[in-house]
Each structure stands twice: as structure tokens, then as C-alpha cells.
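Visitor: Residue numbers (this note's numbering): 8 to 124.
We put the CB at the ideal spot given by N, CA and C, even for glycine.
As the structure is a computational prediction, the values presented were derived from the model and not from experiment.
#1: Measuring straight from C-alpha to C-alpha, what distance separates residue 115 and residue 26?
#2: Starting from residue 68, trace the alpha helix (DSSP H) both ways and give me its first and last residue.
#3: Between which two residues does the beta strand (DSSP E) holding residue 19 run?
#4: By Cβ distance, which residues of its chain are closer than 8 Å to residue 74, with the 5 residues on each side in sequence left out?
#5: Who does residue 58 pair with in a DSSP beta bridge?
#6: Within 8 Å, do at least three Cβ pairs link the segment 27-42 to the segment 61-70?
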């Protein structure tokens, strides 16, 4: 699978990239939301693992811009966040086309199970 990992934390990106590549996936990393949005609008990814809270251009901003372009559903977005999200916020994100919301820290097994489901 072709997977885009988006997180402003370079350590998280590196860890996820190494894990996904060991599992045989093609992994691209972006450290900010604007760059990630550009990649998503010009390339097709099987999944996008997107940090929700990033400075300057957050995961929320990325989703909003994808909505304007009618491209949320085709991105297969899995959100990662350290923030506590209410059930209402999670349901709202799922209705907007996000496939799953995962809480940091995430284990490789949970991520793999989410990608395969």
C-alpha cells in the first residue's frame, strides 16, 4: 500500500515510516499540513495517517481543504491525536469522511489492524 504519514513530530514520522516499510508498504512522510495537502491533491495514497494538532496548518485544516475539493472520502484518512476528543467530535470527523481516529501513543499492532480493516 502507498501510505502518507503526516505529523509535525519527526520522531513519530520516522518510527511509523520504518514500521510501515518493514511491513512492505510504500511510505511518504510530511512534517506539516500544507505540504501534506499538496501531496494529497496531486498523488493517490491508499491511506493517510494524519496528526490532528499541528502548528500553522492542522489536520482539521487539511480536512477542510480536502472537503472544498471533494476529496476527503478518497483519501482514507486515519487521524492520530494526543488530544482527548469527545464522542461528538469523533462522530463529526467520521461523518466528514475520516475513516478512523486513533489516540497517541499508538502501537504498531493497532495501526496495522486499522490499516487492514
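Guide: A quick look at the data gives this:
#1: 7 Å
#2: 66-75
#3: Here residue 19 belongs to no beta strand (DSSP E); instead the alpha helix (DSSP H) covers 17-29.
#4: Excluding residues up to 5 positions away in sequence, 103, 104 lie with their Cβ nearer than 8 Å to the Cβ of residue 74 in the same chain.
#5: 87
#6: yes
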